[in-house]
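Report on the following structure.
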Amino acid sequence: MLYLQILLNGLLLGGLYALIAVGFSLVWGVLNVINILHGTFIVLGSYIAYFAHLYFGIHPFASVIISGSVLFCLGYVIQAGIINRVVAAPVLMTLTLTFGLDLLLNNAMLIAFTADYRKLILTDSLGSYDLWGLILPLNRVAGVGLAALLTFGLYRLLRDSNIGRAIVAVRMDREAATLMGVRVNRINAVTFALGALMAGAAGSIFSIIYPISPINSGLFLGKAFVICILGGLGSVPGAMIGGIALGVIESYGALFFGPEHSTTLAFVILIALLIFRPTGIMGRKGYE
Amino acid sequence: MSENIAQLEIKALTSGYGEIQVLWGIDVGISAGETVCIIGSNGVGKSTLLRTISGIVKLTGGSITLDGVSLNNATPEDVLSAGIVHVPEGRRLFSAMSVRDNLLMGAYLRKDKSAIQDDLEYVYHMFPILAERRRQDAGTLSGGEQQMCAIGRGVMGRPRYLMIDELSLGLAPRAVDLLFEALHNINQSGVAILLVEQDVMNALEFADRAFVVDQGKIIVSGNADEVAANPLVQEAYMGVV
Ligand SMILES: Nc1ncnc2c1ncn2[C@@H]1O[C@H](COP(=O)(O)OP(=O)(O)OP(=O)(O)O)[C@@H](O)[C@H]1O
Ligand SMILES: [Mg+2]
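Spelled out as structure tokens, the structure:
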């Protein structure tokens, strides 16, 4: 029963991890930009949820709409105004650029909100449900449900909409996409904005689970990294598989080695994978 | 050609890549509904010419006009909206996308949803094998089928001028026949065709007029049968001694 409970916890964690990684993976896969800002975007989403709850009593699941929209706009402006100027440069260049932007944004948040951890306490927590001895923390279950919905939404968008097809087309062949009349710079901006939207939404959902502080951004970024390497780059199903794999691994890792080592374990796996299977578990570059 | 005939007119066109100049003054005109082929050895600038017309490569001199309207500073999007579609060398399909999605990408700028569906059916009718493979990734198609998909994708843009770079390269004769027949039908529906082709015999047989490019310039031009009879062309491109 314990093992089953751990598996369940791992799956729940993994559903949230998938949401962390999916936007990061999209941006990396389509733009060839490793977005160091991603972790800070997530934290910003959490703060939006925190203040929306504190001042207006908006439930974090509802403020997903606010944090998603704000981050979408912020992401669009950053890509269209700044990153597009160097987007064709080698990946190290754009990595350095987003690293610099991350320093700015993260430090601005440190000044504005301090590094102190804040906790969003729900007044009407759903509590937990006992399912034949398995404990289901209902807030978390609902959060994972919402995360799955958002992830699925992105998946459908990429597959079934005009703009989604254009994003995939740009990922596969920029010049051919240009010949179809796709404005690549605009698609870059929309893609980056979608990545930021997913980060913001993840931040909102996370605000009911984790304490909020700008110093968490590195942790989130690290997880997104590991998940992309686990699941392969630039595909929604890849991010889901990678996310769930990491969630389960961390949960069992915490059981066997102690919770303080679960993050270390994740990075050990990352390094092992990079050495032995650099294309990810799926082994194929997906695209959706 | 008189001024009021609808046509794509290229005059004294120069272009290239940064420091490297490739085109040294090209003059080509194509009237609405016409078929024209461009032949020439490897590396003389045929693809560069098409890329300059479609706005991927910026011209450095001369002019491109469509029905008298300048396309000198047009973006690829503008060129496409004006009715000029470029099927690139090497087909350049979106390989991990389905055949159907590739075709739909050809209609990316169009908003007329029901007409897009009709055109999809038109392409499936033209190339029934694509209808069978519509859900399959384009990367899994054979070379000939990929070229059909590329041409179908071009047709989905509702061209008035369809430019095709290397129709037959690396394809089996049967597939080539099929593709030329399809091009003929597309042309019959009123679309002008500008074909860049290695297979000089087939190209000259297909086209009304022909241009021979060498070192970034047009060295021979005229009706296709005249060009075919030109001793220079026979010797250099048709293997006649
Ligand atoms: N992106 C590029 N950057 C620099 N030079 C280029 C580029 N593309 C082509 N060239 C050069 O321009 C010249 C003309 O190339 P182009 O592709 O237009 O020739 P082509 O006539 O289409 O040849 P082929 O029959 O081999 O397709 C070549 O010398 C080529 O090396
Ligand atoms: Mg060429």
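From first to last, the protein sequence lines stand for chains A and B. Going letter by letter, the first sequence gives residues 32 to 319 in this note's numbering. Going letter by letter, the second sequence gives residues 877 to 1117 in this note's numbering. A virtual CB, placed ideally from N, CA and C, is assigned to each residue, including glycine.
* In the structure shown, what three-state DSSP assignment does W163(A) receive? -> The residue given as residue 163(A) occupies position 132 in the first sequence. Under the three-state reduction of DSSP output, W163(A) falls in the coil class, being neither helix nor strand.
* Would you kindly check if the distance between the Cβ of V961(B) and the Cβ of G1033(B) is under 7 angstroms? => Along the second sequence, one-based indexing puts residue 1033(B) at 157. Along the second sequence, one-based indexing puts residue 961(B) at 85. The answer is yes: Cβ separation under 7 angstroms.
* For A1068(B), collect the residues of the same chain with a Cβ closer than 6 angstroms to its Cβ; drop the 5 residues on either side in sequence, then sort them by chain order. => Translated into the one-based positions of the second sequence, residue 1068(B) becomes position 192. Same-chain partners within the cutoff: I906, A908, G909, E910, Y1037.
* In the stretch 1034-1057 of chain B, which residues sit with their C-beta less than 8 angstroms from some C-beta in chain A, listed in chain order? -> Those residues of the stretch 1034-1057 of chain B that come within reach of chain A (Cβ to Cβ, closer than 8 angstroms) do not exist; the list is empty.
* Residues near S94(A) by beta carbon distance below 8 angstroms, same chain, minus five either side -> Here the question's residue 94(A) lines up with position 63 in the first sequence. Result list for S94(A): I79, A80, A83, H84, S235, in chain order.
* Which class does V945(B) belong to by DSSP, given the choice of helix, strand or coil? -> Within the second sequence, numbered from 1, the residue matching residue 945(B) stands at position 69. Of the three classes helix, strand and coil, the one that applies to V945(B) here is strand, per DSSP.
* What span of residues does the beta strand (DSSP E) with E1073(B) cover, start to end? -> Along the second sequence, one-based indexing puts residue 1073(B) at 197. Segment: none, E1073(B) is in no beta strand (DSSP E) and carries neither H nor E.
* To do: Step through the CB atoms of chain B and report whether any lies within less than 7 angstroms of the CB of M229(A).
  => Numbered from 1 along the first sequence, position 198 holds the residue referred to as residue 229(A). False, the Cβ-Cβ gap to chain B never drops below 7 angstroms.
* Quick one: grab the DSSP three-state call for V74(A). => Counted from its first residue, the first sequence places residue 74(A) at position 43. Assignment of V74(A) by DSSP, reduced to helix, strand and coil, places it in the helix class.
* **Own chain partners of D1084(B) with C-beta closer than 8 angstroms, once the 5 adjacent residues on each side are dropped** => Along the second sequence, read from residue 1 onward, the residue named residue 1084(B) stands at position 208. Same-chain partners within the cutoff: E910, T911, V912, N1099, A1100.
* Determine whether the Cβ of L985(B) lies closer than 7 angstroms to any Cβ atom of chain A. => Against the second sequence, residue 985(B) aligns to sequence position 109. Using a CB distance cut-off of 7 angstroms, L985(B) counts as an interface residue toward chain A.
* is_contact[E953(B), chain A] using C-beta, thresh 7 angstroms -> Counted from its first residue, the second sequence places residue 953(B) at position 77. It does: the Cβ of E953(B) has a partner Cβ on chain A nearer than 7 angstroms.
* Asked: So what's P168(A) in DSSP terms, helix, strand or just coil?
  -> Within the first sequence, numbered from 1, the residue matching residue 168(A) stands at position 137. P168(A) falls in the strand class under three-state DSSP.
* Under 7 angstroms Cβ to Cβ from V53(A), same chain only, skipping five residues before and after it: list those, please. => Within the first sequence, residue 53(A) is the residue found at index 22, counting from 1. If we look at V53(A) and ignore the five residues flanking it on each side, its Cβ neighbours are T182, L185, M229, V267, A270.
* Any beta-carbon of chain B closer than 7 angstroms to the one on M203(A)? -> Within the first sequence, residue 203(A) is the residue found at index 172, counting from 1. Judged by the 7 angstroms Cβ criterion, M203(A) is in contact with chain B.
* Asked: By Cβ distance below 7 angstroms, which residues in the same chain neighbour F144(A) in space, the five residues on each side in sequence not counted?
  -> Within the first sequence, the letter at position 113 stands for residue 144(A). Within the same chain, Cβ atoms closer than 7 angstroms to the Cβ of F144(A) are found at Y78, P245, the five residues on either side in sequence being excluded.
* May I ask you to report which of helix, strand or coil DSSP gives V118(A)? => In the first sequence, counting from the first residue as 1, residue 118(A) sits at position 87. Taken through DSSP and simplified to helix, strand or coil, V118(A) comes out as coil.
* Does the distance from the CB of D133(A) to the CB of I240(A) come in under 7 angstroms? -> Taking the first sequence and counting its residues from 1, one reaches residue 133(A) at position 102. Taking the first sequence and counting its residues from 1, one reaches residue 240(A) at position 209. No. Outside cutoff.
* To do: Would you check if there are 3 or more beta carbon pairs closer than 8 angstroms linking the stretch 933-948 of chain B to the stretch 885-901 of chain B?
  => Touching, yes.
* Asked: Going along the chain, which residues put their C-beta within less than 6 angstroms of some heavy atom in ligand 1?
  -> Those residues that have a beta carbon less than 6 angstroms away from any non-hydrogen atom of ligand 1 are, in order along the chain, Y893(B), I896(B), V898(B), G916(B), N918(B), G919(B), V920(B), G921(B), K922(B), S923(B), T924(B), E965(B).
* Since I believe G278(A) is in contact with G41(A) (beta carbons under 8 angstroms), could you give me their beta-carbon distance rounded to a whole number of angstroms? => Reading the first sequence from its first residue, position 10 is the one you call residue 41(A). Reading the first sequence from its first residue, position 247 is the one you call residue 278(A). About 5 angstroms separates the two Cβ atoms, so the contact holds.
* Could you give the C-beta distance for I914(B) and L899(B), rounded to a whole number, given that I count them as a contact under 8 angstroms? -> Walking along the second sequence from the start, residue 914(B) turns up at place 38. Walking along the second sequence from the start, residue 899(B) turns up at place 23. Wrong, their Cβ atoms sit about 12 angstroms apart, outside the cutoff.
* Which residues, in order along the stretch 918-940 of chain B, keep a beta-carbon less than 7 angstroms from a beta-carbon of chain A? -> Against chain A - using a Cβ distance shorter than 7 angstroms - the residues of the stretch 918-940 of chain B are S930, I932.
* Would you verify that the beta carbon of M981(B) is, or is not, closer than 7 angstroms to some beta carbon of chain A? => As a first step, residue 981(B) must be located in the second sequence, where it is residue number 105. Closer than 7 angstroms to some Cβ of chain A, the Cβ of M981(B) qualifies, so yes.
* Asked: Thinking C-alpha only, which one of A1007(B), V1103(B), V1072(B), A958(B) is nearest L985(B)?
  -> Sequence index remark: in the second sequence, residue 985(B) carries index 109 (1-based). From the listed residues A1007(B), V1103(B), V1072(B), A958(B), the smallest Cα separation to L985(B) is found for A958(B).
* To do: Using a Cβ-Cβ cut-off of less than 8 angstroms, give me the residues of the stretch 178-205 of chain A that come near chain B, in sequence order.
  => Residues N193, R196, A197, V199, A200, M203, D204.
* Please look up how many angstroms separate the CB atoms of V999(B) and L980(B), rounded, as I've assumed it's under 8 angstroms. => If you number the second sequence from 1, residue 999(B) lands on position 123. If you number the second sequence from 1, residue 980(B) lands on position 104. Taking a contact as a CB-CB distance under 8 angstroms, the pair V999(B) and L980(B) does not count as one, their CB atoms being some 11 angstroms apart.
* To do: Could you name the residues of the same chain whose beta carbon sits closer than 7 angstroms to that of N137(A), not counting the 5 residues immediately before and after it, in chain order?
  => Taking the first residue of the first sequence as 1, we reach residue 137(A) at position 106. Around N137(A): T71, P245, S248.
* To do: Keeping to the same chain, check which residues put their C-beta closer than 8 angstroms to that of V64(A); ignore five residues upstream and five downstream.
  => Taking the first sequence and counting its residues from 1, the one referred to as residue 64(A) is at position 33. Listed in chain order, the non-local C-beta contacts of V64(A) below 8 angstroms within the same chain comprise V58, I114, V118, V122, T125, L126, T129, F223, local neighbours out to five positions each way being set aside.
* Spatial neighbours of A1048(B) in its chain, beta-carbon cut-off 7 angstroms, leaving aside the 5 residues before and after -> Indexing the second sequence from 1 puts residue 1048(B) at position 172. Residues G1020 of the same chain have their beta carbon placed closer than 7 angstroms to that of A1048(B), with the five preceding and five following residues left out of the count.
* **Contact list for the stretch 206-227 of chain A against chain B, Cβ threshold 7 angstroms** => Listed in sequence order: E206, A207, T209, L210, M211, G212, V213, R214.
* Would you say the stretch 278-287 of chain A touches the stretch 295-307 of chain A, given that touching needs at least three Cβ pairs under 8 angstroms? -> They touch, by the three-pair rule.
* To do: Give a yes or no on whether the minimum CB-CB distance between D977(B) and chain A is below 7 angstroms.
  => Position 101 of the second sequence holds residue 977(B). Judged by the 7 angstroms Cβ criterion, D977(B) is in contact with chain A.
* Compare the C-beta of L956(B) with all C-beta atoms of chain A and state if any pair is closer than 7 angstroms. => If you number the second sequence from 1, residue 956(B) lands on position 80. Yes, its Cβ sits closer than 7 angstroms to a Cβ of chain A.
* Within 7 angstroms (strictly less), CB to CB, does R968(B) reach chain A? -> If you number the second sequence from 1, residue 968(B) lands on position 92. R968(B) counts as touching chain A.
* Candidates M32(A), L47(A), L33(A): which alpha carbon is nearest A276(A)'s? -> As a first step, residue 276(A) is located in the first sequence; it is residue number 245 there, counting from the start. Here the closest residue by C-alpha is L47(A).
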